[in-house]
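Student: Numbering (our numbering), first residue to last: 647 to 914. Below is one structure. I have some questions about it.
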């Protein structure tokens with residue numbers, strides 16, 4: 647009799663444990679709360695260089711081949727707002743890209759700072775003028791990064807945090823552009839290529855510092871693009887293209903899918 651009662655009690659406990667286990671599984675499988683992702687920034691986020699641009703985005707040249715759209719397609723957030731725009735500076739982000747941010751935004755990505763620092767003019771100077779002029783222009787850009795850019799980044803980062811206080815914000819950097827001692831037999835000198843790479847490192851360091859001071863994640867793509875720079879023989883960046891100047895020195899579709907996307911995915 648006692649054995650029977652013990653068996654019955656054991657069965658009841660096992661059933662209760664099983665019910666608790668299945669109940670926990672059902673709760674875990676319940677639909678997650680709305681997840682909102684907002685992608686901000688310049689041409690390195692909009693996808694210039696990757697092609698297949700959305701005609702509705704006009705001169706912003708957003709594309710489904712850009713890393714924000716690729717991430718959204720893979721992870722299916724309930725809301726995805728893609729406001730990054732080619733040519734954007736920090737002031738453009740502040741004035742025209744922050745509208746979708748709100749207290750329910752969960753994830754934000756941004757690349758910005760290169761246009762403020764005069765990246766386009768640096769490359770134009772280095773392509774068309776002497777090595778000494780190139781190095782001088784690079785040094786001018788680095789001085790701007792040291793003295794002026796941090797305050798402009800602070801304004802953008804402060805505005806993001808004010809609008810989306812609980813969001814995870816991932817600030818993504820820029821690649822080095824050239825493989826030194828690589829396969830290129832014409833074009834810029836090694837000194838010019840080295841100066842441009844140094845400017846990219848300098849810019850990334852400044853952006854990373856401002857991101858960290860705001861509690862944001864900084865995601866470097868330098869490692870991902872190593873072996874895929876211009877002059878590498880397997881470039882994920884467009885070199886100078888006289889027939890499509892706007893795409894010069896921007897990531898290709900492979901640069902977004904193989905470089906920016908996995909870096910952002912790991913950080914997000």
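Cβ atoms here follow ideal geometry from the backbone N, Cα and C, with glycine treated the same way.
What first and last residue would you give for the alpha helix (DSSP H) that runs through residue 842?
Tutor: 836-859 is the span of the alpha helix (DSSP H), which, as asked, contains residue 842.
Student: Grab me the residues of residue 712's own chain with a C-beta within less than 7 Å of its C-beta, minus the 5 sequence neighbours each way, in chain order.
Tutor: Excluding residues within five positions, the ones whose Cβ falls inside 7 Å are 691, 692, 693, 696, 902.
Student: Considering only C-alpha positions, which residue in the set 700, 790, 706 is nearest to residue 689?
Tutor: It is 706.
Student: Taking Cβ positions, are residue 875 and residue 824 nearer each other than 8 Å?
Tutor: Yes. Within cutoff.
Student: For residue 682, which residues in the same chain have their Cβ closer than 6 Å to its Cβ, ignoring the five residues on either side in sequence?
Tutor: Counting only Cβ-Cβ distances below 6 Å, and skipping sequence neighbours, we find 725, 750, 751, 752.
Student: Could you give the DSSP three-state label for residue 894: helix, strand or coil?
Tutor: The answer is coil: DSSP assigns residue 894 none of H, G, I, E or B.
Student: Can you tell me whether residue 677 is helix, strand or coil according to DSSP?
Tutor: With a pLDDT of 36 at residue 677, under the threshold of 50, the modelled position of that residue is not reliable, and the figure given next carries that caveat. Three-state result, residue 677: coil.
Student: Which same chain residues end up closer than 7 Å to residue 762 when comparing Cβ atoms and leaving out the 5 residues on each side of it in sequence?
Tutor: Correct list, in chain order: 735, 736, 795, 798.
Student: Could you check how far apart the C-beta atoms of residue 826 and residue 836 are, in whole angstroms? I think they sit under 8 Å.
Tutor: Right, their Cβ atoms sit about 6 Å apart.
Student: Mind pulling the beta strand (DSSP E) runs of 3 or more residues that sit fully within the segment 768-792?
Tutor: Runs of the beta strand (DSSP E) inside the segment 768-792: none found.
Student: Which full runs of the beta strand (DSSP E) of 3+ residues lie inside the segment 789-829, going along the chain?
Tutor: 814-818, all fully within the segment 789-829.
Student: Pull the bridge partners of residue 865 from the DSSP assignment, please.
Tutor: For residue 865, which the question treats as bridged, DSSP gives the partners 818.
Student: In whole angstroms, give me the CA-to-CA distance for residue 889 and residue 808.
Tutor: Their Cα atoms are separated by approximately 42 Å.
Student: Taking the DSSP output, what are the residues bridged to residue 686?
Tutor: Note: residue 686 sits in a beta bridge opposite 756.
Student: If you pair each beta-carbon of the segment 806-822 with each one of the segment 859-872, do three or more pairs fall below 8 Å?
Tutor: The answer is yes - the segment 859-872 touches the segment 806-822, with three or more Cβ pairs under 8 Å.
Student: Throw me the rounded Cβ distance for the residue 863 and residue 815 pair, which I believe falls under 8 Å.
Tutor: With 8 Å as the limit, residue 863 and residue 815 qualify as a contact, their Cβ atoms being about 7 Å apart.
Student: If you check the beta carbons only, do residue 784 and residue 758 fall under 8 Å apart?
Tutor: Taking 8 Å as the Cβ cut-off, residue 784 and residue 758 do not qualify as a contacting pair.
Student: By how many angstroms is the C-alpha of residue 764 removed from the C-alpha of residue 851?
Tutor: Rounded to the nearest angstrom, the two C-alpha atoms are 16 Å apart.
Student: Helix, strand or coil for residue 911, going by three-state DSSP, please let me know.
Tutor: Looking at residue 911 - three-state DSSP - the assignment turns out to be helix.
Student: Which class does residue 727 belong to by DSSP, given the choice of helix, strand or coil?
Tutor: It is a strand residue.
Student: Kindly list the residues whose CB is nearer than 7 Å to the CB of residue 587, restricted to its own chain and excluding five residues on each side of it in sequence; keep chain order.
Tutor: Nothing about residue 587 can be reported from this structure: the residues present for the chain run from 647 to 914 only.
Student: Does the separation of the CB atoms of residue 746 and residue 729 fall below 8 Å?
Tutor: Cβ distance < 8 Å, so residue 746 and residue 729 count as in contact.
Student: Would you list the one or two residues that DSSP bridges to residue 883?
Tutor: Per DSSP, 897.
Student: Around the C-beta of residue 687, are 16 or more other C-beta atoms found within 10 angstroms, so that it is buried, or is it exposed?
Tutor: When all chains shown are included, residue 687 counts as buried.
Student: Is the distance from the Cβ of residue 817 to the Cβ of residue 857 below 8 Å?
Tutor: Taking 8 Å as the Cβ cut-off, residue 817 and residue 857 qualify as a contacting pair.
Student: Is it buried or exposed, residue 756, if we count other Cβ atoms within 10 angstroms and call 16 or more buried?
Tutor: Classification of residue 756: buried, given that the 10 Å Cβ count is 16 or more.
Student: If the criterion is Cβ atoms closer than 8 Å, does the pair residue 788 and residue 845 meet it?
Tutor: Result yes, Cβ atoms of residue 788 and residue 845 sit closer than 8 Å.
Student: Using a threshold of 8 Å, state whether the C-beta atoms of residue 684 and residue 754 are closer than that.
Tutor: In contact: residue 684 and residue 754 (Cβ atoms closer than 8 Å).
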